[in-house]
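Asker: Residue numbers (our numbering): 18 to 127.
Take this structure, written in structure tokens, and hold onto it; I'll ask about it next.
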């Protein structure tokens, strides 16, 4: 059985990855690592196996780092927007309750 068959993908896609023309998805990295019976992080350790600070740390390609940063930034913006919207809605609801309370007081006095 070939690596492509183990990973349920085409041999051409595996060749593209090997040649550096494609970068696999996290799911495909996991499939390849399972097929090779290794830990996925081993794909990202530099050639010497040691980073500049003498620790084994994953070395991600620039394009992947850029994608990760963009996804994190988008997620943070979405979370902040949700929190701000929630706070504004809470204030508006509070204000509306106060307005209706005042209207009811006025109507009760009439």
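Note that the Cβ used here is the ideal one computed from N, Cα and C, for glycine as well.
1) What does a CB cutoff of less than 7 angstroms around residue 71 pick up in its chain, not counting 5 residues either side in sequence?
2) For residue 40 versus residue 99, is the C-beta distance shorter than 8 angstroms?
3) Given this structure, state the Cα-to-Cα distance separating residue 29 from residue 36, to the nearest angstrom.
4) Would you mind giving the Cβ-Cβ distance between residue 20 and residue 50, rounded to the nearest angstrom? I have them listed as a contact below 8 angstroms.
5) Mapping DSSP to helix, strand and coil, what is residue 112?
6) Could you name the residues of the same chain whose beta carbon sits closer than 6 angstroms to that of residue 31, not counting the 5 residues immediately before and after it, in chain order?
7) Going straight from the alpha carbon of residue 59 to that of residue 26, what length do you get?
8) So what does DSSP say about residue 120, is it helix, strand or coil?
9) Taking the straight line between their C-alpha atoms, what separation do you get for residue 78 and residue 90?
10) In whole angstroms, give me the CA-to-CA distance for residue 88 and residue 43.
Answerer: This is what the structure gives:
1) What you label residue 71 is simply residue 54 of the chain shown in a count that begins at 1. Caution applies to residue 71, whose pLDDT of 49 falls short of 50 and renders its modelled position unreliable; the value that the coordinates give is listed next. Closer than 7 angstroms at Cβ, skipping near neighbours: no residue.
2) The sequence position of residue 40 within the chain shown is 23, counting from 1. The sequence position of residue 99 within the chain shown is 82, counting from 1. Result no, Cβ atoms of residue 40 and residue 99 do not sit closer than 8 angstroms.
3) One-based indexing of the chain shown puts residue 29 at position 12. One-based indexing of the chain shown puts residue 36 at position 19. Straight across, the Cα-Cα distance linking residue 29 with residue 36 is about 10 angstroms.
4) Along the chain shown, read from residue 1 onward, the residue named residue 20 stands at position 3. Along the chain shown, read from residue 1 onward, the residue named residue 50 stands at position 33. About 11 angstroms separates the Cβ atoms of residue 20 and residue 50, ruling out a contact at the 8 angstroms cut-off.
5) Here residue 112 refers to the residue found at position 95 of the chain shown. Residue 112 falls in the helix class under three-state DSSP.
6) Counted from its first residue, the chain shown places residue 31 at position 14. Cβ within range, chain order: 20 and 21.
7) Residue mapping note: residue 59 aligns to position 42 of the chain shown, counting from 1. Residue mapping note: residue 26 aligns to position 9 of the chain shown, counting from 1. Approximately 21 angstroms, taken between the alpha carbons.
8) Counting from one through the chain shown, the residue named residue 120 turns up at place 103. Here DSSP, grouped into helix, strand and coil, assigns residue 120 to helix.
9) Residue 78 sits at position 61 when you count from the first residue of the chain shown. Residue 90 sits at position 73 when you count from the first residue of the chain shown. Taking the straight line joining both Cα atoms gives about 18 angstroms.
10) Taking the chain shown and counting its residues from 1, the one referred to as residue 88 is at position 71. Taking the chain shown and counting its residues from 1, the one referred to as residue 43 is at position 26. About 14 angstroms.
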